[in-house]
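Visitor:
Protein chains: 2
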Amino acid sequence: MSSEERIDPWGRPDIKDYRRLYEVFGIRPFSEILEKLKSMGVEPSAFMRRGIIFGHRDMDVVLNAWASGEPVAVVTGFMPSGQFHFGHMLTGLQLVFYQRLGFRVFVCMADAEAYAVRRVSREEAIKSALEEFIPNLLALGLDPQRTEFYFQTGREGPYHELIQLFSAKVTFNEMEAIYGDLSPAKVMSALTQAADILHPMLKEYGGYKYVVVPVGADQDPHIRLSRDIATRMKGEIELTPPAATYHKLIRGLDGGKMSKSRPEATIFLTEPIGEAVRKFKVSLTGGRNTAEEQRRLGGEPDKCPVFDQYLYYLVPDDSELSSIESRCRGGALLCGQCKAMGAEKLAKFLEAHQRSLEAYRDKAQSLVELPKY
Amino acid sequence: MSSEERIDPWGRPDIKDYRRLYEVFGIRPFSEILEKLKSMGVEPSAFMRRGIIFGHRDMDVVLNAWASGEPVAVVTGFMPSGQFHFGHMLTGLQLVFYQRLGFRVFVCMADAEAYAVRRVSREEAIKSALEEFIPNLLALGLDPQRTEFYFQTGREGPYHELIQLFSAKVTFNEMEAIYGDLSPAKVMSALTQAADILHPMLKEYGGYKYVVVPVGADQDPHIRLSRDIATRMKGEIELTPPAATYHKLIRGLDGGKMSKSRPEATIFLTEPIGEAVRKFKVSLTGGRNTAEEQRRLGGEPDKCPVFDQYLYYLVPDDSELSSIESRCRGGALLCGQCKAMGAEKLAKFLEAHQRSLEAYRDKAQSLVELPKY
Chain A
8 MSSEERIDPW GRPDIKDYRR LYEVFGIRPF SEILEKLKSM GVEPSAFMRR GIIFGHRDMD
68 VVLNAWASGE PVAVVTGFMP SGQFHFGHML TGLQLVFYQR LGFRVFVCMA DAEAYAVRRV
128 SREEAIKSAL EEFIPNLLAL GLDPQRTEFY FQTGREGPYH ELIQLFSAKV TFNEMEAIYG
188 DLSPAKVMSA LTQAADILHP MLKEYGGYKY VVVPVGADQD PHIRLSRDIA TRMKGEIELT
248 PPAATYHKLI RGLDGGKMSK SRPEATIFLT EPIGEAVRKF KVSLTGGRNT AEEQRRLGGE
308 PDKCPVFDQY LYYLVPDDSE LSSIESRCRG GALLCGQCKA MGAEKLAKFL EAHQRSLEAY
368 RDKAQSLVEL PKY
Chain B
8 MSSEERIDPW GRPDIKDYRR LYEVFGIRPF SEILEKLKSM GVEPSAFMRR GIIFGHRDMD
68 VVLNAWASGE PVAVVTGFMP SGQFHFGHML TGLQLVFYQR LGFRVFVCMA DAEAYAVRRV
128 SREEAIKSAL EEFIPNLLAL GLDPQRTEFY FQTGREGPYH ELIQLFSAKV TFNEMEAIYG
188 DLSPAKVMSA LTQAADILHP MLKEYGGYKY VVVPVGADQD PHIRLSRDIA TRMKGEIELT
248 PPAATYHKLI RGLDGGKMSK SRPEATIFLT EPIGEAVRKF KVSLTGGRNT AEEQRRLGGE
308 PDKCPVFDQY LYYLVPDDSE LSSIESRCRG GALLCGQCKA MGAEKLAKFL EAHQRSLEAY
368 RDKAQSLVEL PKY
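Taken in sequence, the protein lines are chains A and B.
Per this note's numbering, residue 8 is the first one in the first sequence, and the count goes up by one each step.
Per this note's numbering, residue 8 is the first one in the second sequence, and the count goes up by one each step.
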């Protein structure tokens, strides 16, 4: 794959990127799935309705399987390091959506990858998984009885056997498409991710099932690799190319990426509410240079990190969101007023989340097998 | 490592190679260990006495540990594919030697590597391990009660966790020293071999112990990699750089390498005795062009594949071997006569081995955990 054909790793593809995703990589518009869901009597999630989830592969296959009562699963992974934040929540809420439809849920704590590629110490990975990722995912609504959490290194059964077998089925070129410059650690991580995605299909993990993986567009090379490996194992192990959905990542408060290493741009679900509100209030916006100019030209919500927080999480009601958007565009809603309203919503949201989190604080240890080293 | 600094992969280093091994790579002459063994009251094996084992790293450390009653282990691996032959026996007999001294024995069936690097099917690897490698090793004298056989893919415990962690501690350059051209499969294999060598030091595999690995000189890059990884894990997992001994590989009957893929040059321990004798009788020798010339100049046992079979296996008595050698060099023993004598020895050897093999034919299955896929 030439660098021109790479997908923007920021996960906010522009229109040119979409065309490339659809035409070059064969990702299909999610709109067709939206229609299908409605025709099946399933209420699409806000992420789906609002175009945050914009593409898919084979999601129709998975939905057909689900509709005819076949076993289906949703699979994802988090690199456990630091605190759970608004970026992670995007995947977390998708897991909850599928679980409520009856999908089995597999959540990988990618401790091996964190250690090998990001130099996250073993202690930090375990601490972050047990104290941040797992409790927050449960507080978002994942049912602990119907969710399988695991650490990559501690995974029992033939999972590691798959990694060994997969190594014979892939090329360096395919891995370079994922990681650019390669290292032994990156080779290992790519193979391990393929096992994360594909191992739920084995009988040792509950029997054959269709799998969907919700990812950012930048993760598509992982999906393609897993799909290719699944095909290439034919005759040895029966695997089906996994389905995927593609979402746009939420903007950080400075317009860049939300990330542990950019705390000023990132809202953490367990941080003191006052601290989150302070950051929110100094967020970049899609506003104009002066109030006068903004009244005249209107704001630009599609460039606004504050509006992104509404779009993704803080305004679940579509008509309220639409009203905010039109008042912003029309110049009636100025940024100061908007932020004051948003800060209140954010505080309420975090308060409710942190309250429900209490019940899950010490729950994680009993839900997951710990790595030994 | 430049290609000039590579070790001859045929494993029969010439004098220039020895100097390189000793000076460039820090391998030490085995002669010093020979003396040490004698001073400890241990009778060296024929391979040691005869210079077949010619070098070592840290073998003195392992022997000191052994002498003071600390736990010690010998670790090796075989790629299970096809039949067990005279090339494999060289390592097999070394395991028996160490086991009789009280070393624990770990024998890896390198099924993952066979599959990934040599395209050996999973069925073939399991069949070959159960029907050929394990029974023949037992028939050579390994005590099934004190030998731990395992398949790489089926290995339980934190073995696979080590592979993940090790991937962060090595570079591509180090792996290229082992494999030349790299592929994902080769990266995986090199990391897995490091886990094979180092995992017996973990408490989950019987507690900390010193480890020695008997290898051909061509395998030294694996040893160096494992030693480097052991050092680099310091502060995370306590591992000691493994010791190693280095041996010269036995010549095939045509002067080349013994290998499954070169059956005419290779003596298999389970082949029909008549077939082995037939191949032996048409072996290349160190003889001259004519009988007259040979009587005048003498034969060249150090170039002779037939003499190699004596040196390694068929003439355990040193004085008999020395007499054969001097009669050959002196021109008294001609190749025809020598081969007739050797053929008889070979037939006897195989007869005895195949007889003792009977007891172990169906034993393997109960001694090793099978891979699932």
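Glycine is no exception: its CB is placed at the ideal position from the N, C-alpha and C atoms.
Quantities reported herein were computed from a predicted structural model and do not represent experimental measurements.
Quick check on the DSSP output: what are the complete beta strand (DSSP E) runs of length 3 or more inside the stretch 135-165 of chain A, in order along the chain?
Guide: You should have 154-158.
Visitor: With DSSP collapsed to three states, give me the class of Val222/B.
Guide: Within the second sequence, residue 222/B is the residue found at index 215, counting from 1. Residue state, collapsed to three classes: strand.
Visitor: Could you round the C-beta distance between Ile257/A and Tyr317/A to whole angstroms and report it? I think they count as a contact, below 8 Å.
Guide: Reading the first sequence from its first residue, position 250 is the one you call residue 257/A. Reading the first sequence from its first residue, position 310 is the one you call residue 317/A. That pair is no contact at about 11 Å.
Visitor: Report the option in Arg26/A, Pro308/A, Ile170/A, Pro87/A whose CA atom is closest to the CA atom of Lys267/A.
Guide: Numbered from 1 along the first sequence, position 260 holds the residue referred to as residue 267/A. The shortest C-alpha separation from Lys267/A is found at Pro87/A.
Visitor: In whole angstroms, what is the alpha-carbon distance linking Gln372/A and Leu149/A?
Guide: Here residue 372/A refers to the residue found at position 365 when the first sequence is read from its first residue. Here residue 149/A refers to the residue found at position 142 when the first sequence is read from its first residue. Cα-Cα distance, rounded: 16 Å.
Visitor: Within 9 Å (strictly less), CB to CB, does Ser196/A reach chain C?
Guide: Judged by its chain identifiers, the structure shown contains no chain C, and its protein chains are A and B.
Visitor: How long is the line joining the alpha carbons of Val177/B and Ile204/B, rounded to whole angstroms?
Guide: Here residue 177/B corresponds to residue number 170 of the second sequence, with the count starting at 1. Here residue 204/B corresponds to residue number 197 of the second sequence, with the count starting at 1. C-alpha separation (whole angstroms): 15 Å.
Visitor: Which runs of the beta strand (DSSP E) at least 3 residues long sit entirely within the stretch 263-331 of chain A? Give them in chain order.
Guide: You should have found no qualifying run.
Visitor: Using 9 Å as the threshold, is the C-beta distance between Gly262/B and Pro312/B below it?
Guide: The residue labelled residue 262/B in the question sits at position 255 within the second sequence. The residue labelled residue 312/B in the question sits at position 305 within the second sequence. Yes, the Cβ-Cβ distance between Gly262/B and Pro312/B is below 9 Å.
Visitor: If you reduce the DSSP assignment to three classes, tell me which class Tyr380/A lands in.
Guide: Against the first sequence, residue 380/A aligns to sequence position 373. Tyr380/A: coil per DSSP, three-state reduction.
Visitor: Whose C-beta lies closer than 6 Å to the C-beta of Glu211/A among residues of the same chain, with five residues either side of it excluded?
Guide: As a first step, residue 211/A must be located in the first sequence, where it is residue number 204. These residues qualify, in order along the chain: Gly164, Pro165.
Visitor: Within 10 angstroms of the Cβ of Lys346/B, are there 16 or more other Cβ atoms? Answer buried if so, exposed if not.
Guide: Here residue 346/B corresponds to residue number 339 of the second sequence, with the count starting at 1. Burial call: buried.
Visitor: What does a CB cutoff of less than 8 Å around Thr277/A pick up in its chain, not counting 5 residues either side in sequence?
Guide: Along the first sequence, one-based indexing puts residue 277/A at 270. These residues qualify, in order along the chain: Gln90, Phe91, Glu139, Asn143, Gln361, Leu364.
Visitor: Could you please give the first and the last residue of the uninterrupted beta strand (DSSP E) stretch that includes Ile381/B?
Guide: Since the first and last residues shown for chain B are 8 and 380, residue 381/B lies out of range.
Visitor: What does DSSP give as the partner residues of Arg35/A in its beta bridges?
Guide: Here residue 35/A refers to the residue found at position 28 when the first sequence is read from its first residue. His63/A.
Visitor: Since Val177/B meets chain A, which of its residues come closer than 7 Å, beta carbon to beta carbon?
Guide: Indexing the second sequence from 1 puts residue 177/B at position 170. Correct list: Pro191.
Visitor: Using 8 Å for Cβ pairs, my map puts Ala251/B next to Leu260/B. What's the rounded Cβ distance?
Guide: Your numbering for residue 251/B matches position 244 in the second sequence. Your numbering for residue 260/B matches position 253 in the second sequence. Contact flag wrong, Cβ pair sits at about 28 Å.
Visitor: Since Leu377/A contacts Phe156/A with CB under 8 Å, what's their CB separation in whole angstroms?
Guide: Numbered from its first residue, the first sequence carries residue 377/A at position 370. Numbered from its first residue, the first sequence carries residue 156/A at position 149. Between Phe156/A and Leu377/A the Cβ distance is about 11 Å, and since that is not below 8 Å, they are no contact.
Visitor: Residues of the stretch 119-136 of chain A in Cβ contact with chain B at a cutoff of 9 Å, in chain order, please.
Guide: Those would be Ala119, Glu120, Tyr122, Ala123, Val124, Arg126, Ser128, Arg129, in chain order.
Visitor: Determine, for Met182/B, whether the minimum Cβ-Cβ distance to residues of chain A falls below 9 Å.
Guide: Within the second sequence, the letter at position 175 stands for residue 182/B. Yes, because at least one Cβ of chain A sits closer than 9 Å to the Cβ of Met182/B.
Visitor: Once you ignore the five residues that flank Tyr122/B on each side, which residues in its own chain have a CB closer than 7 Å to its CB?
Guide: Counting from 1 along the second sequence, the entry for residue 122/B is found at position 115. Cβ neighbours of Tyr122/B beyond the five flanking positions: Arg129, Ala132.
Visitor: Can you give me the C-alpha to C-alpha distance between Gln226/A and Asp309/A, rounded to a whole angstrom?
Guide: Numbered from 1 along the first sequence, position 219 holds the residue referred to as residue 226/A. Numbered from 1 along the first sequence, position 302 holds the residue referred to as residue 309/A. The alpha-carbon atoms of Gln226/A and Asp309/A are separated by roughly 23 Å.
Visitor: Cβ of Gly161/B less than 9 Å from any chain A Cβ?
Guide: Indexing the second sequence from 1 puts residue 161/B at position 154. Gly161/B counts as touching chain A.
Visitor: Taking C-beta pairs closer than 7 Å, name the residues in chain A that Ser88/B reaches, listed in chain order.
Guide: Taking the second sequence and counting its residues from 1, one reaches residue 88/B at position 81. Neighbours of Ser88/B on chain A: none; closest Cβ ~14 Å, over 7 Å.
Visitor: So, are the CB atoms of Ser52/B and Gln101/B less than 9 Å apart?
Guide: For the purposes of this step, residue 52/B is taken as residue 45 along the second sequence, with counting starting at 1. For the purposes of this step, residue 101/B is taken as residue 94 along the second sequence, with counting starting at 1. Yes.
Visitor: Between which two residues does the alpha helix (DSSP H) carrying His254/B extend?
Guide: Walking along the second sequence from the start, residue 254/B turns up at place 247. Looking at the DSSP string, His254/B is not in any alpha helix (DSSP H); the run it does join, the beta strand (DSSP E), is 250-254.
Visitor: Excluding the 5 residues flanking Glu358/B on each side, which residues of the same chain have their C-beta closer than 6 Å to its C-beta?
Guide: Here residue 358/B refers to the residue found at position 351 when the second sequence is read from its first residue. Within the same chain, Glu358/B has no close Cβ partners at all.
Visitor: Give every residue of the same chain whose Cβ lies closer than 6 Å to the Cβ of Ile40/A, excluding the five residues on either side of it in the sequence, and list them in chain order.
Guide: Along the first sequence, one-based indexing puts residue 40/A at 33. Within the same chain, Ile40/A has close Cβ partners His63, Met66.
Visitor: Could you run through the stretch 303-329 of chain B and flag, in chain order, every residue whose CB is less than 8 Å away from some CB of chain A?
Guide: Under the 8 Å Cβ criterion, the stretch 303-329 of chain B contributes no residue.
Visitor: Within the 9 Å Cβ cut-off, does Gly164/A reach chain B?
Guide: Working through the first sequence from its first residue, we reach residue 164/A at position 157. At least one chain B Cβ lies under 9 Å of Gly164/A.
Visitor: So that I know if they touch, is there some Cβ in chain B lying closer than 9 Å to that of Pro16/A?
Guide: Here residue 16/A refers to the residue found at position 9 of the first sequence. Any reading at Pro16/A needs caution, since the residue's pLDDT is 37, under 50, leaving its predicted position unreliable; the model's value is listed next. With 9 Å as the cut-off, Pro16/A does not count as an interface residue toward chain B.
Visitor: I'd like to know if His229/A contacts chain B, where contact means its C-beta is closer than 9 Å to some C-beta of that chain.
Guide: Taking the first sequence and counting its residues from 1, the one referred to as residue 229/A is at position 222. His229/A does not count as touching chain B.
Visitor: Cα separation between Leu328/A and Val322/A?
Guide: Within the first sequence, the letter at position 321 stands for residue 328/A. Within the first sequence, the letter at position 315 stands for residue 322/A. Using only the alpha carbons, I get a separation of about 6 Å.
Visitor: What's the C-alpha gap between Pro191/B and Ala202/B?
Guide: If you number the second sequence from 1, residue 191/B lands on position 184. If you number the second sequence from 1, residue 202/B lands on position 195. Their Cα atoms are separated by approximately 17 Å.
Visitor: Would you say Lys379/A reaches chain B, if we count a Cβ-Cβ gap shorter than 9 Å as a contact?
Guide: Against the first sequence, residue 379/A aligns to sequence position 372. At least one chain B Cβ lies under 9 Å of Lys379/A.
Visitor: Looking only at its chain, what residues have a beta carbon closer than 8 Å to the beta carbon of Arg125/A, apart from the 5 residues adjacent to it on each side?
Guide: Mapped onto the first sequence, residue 125/A falls at position 118. Cβ within range, chain order: Met86, Ser88.
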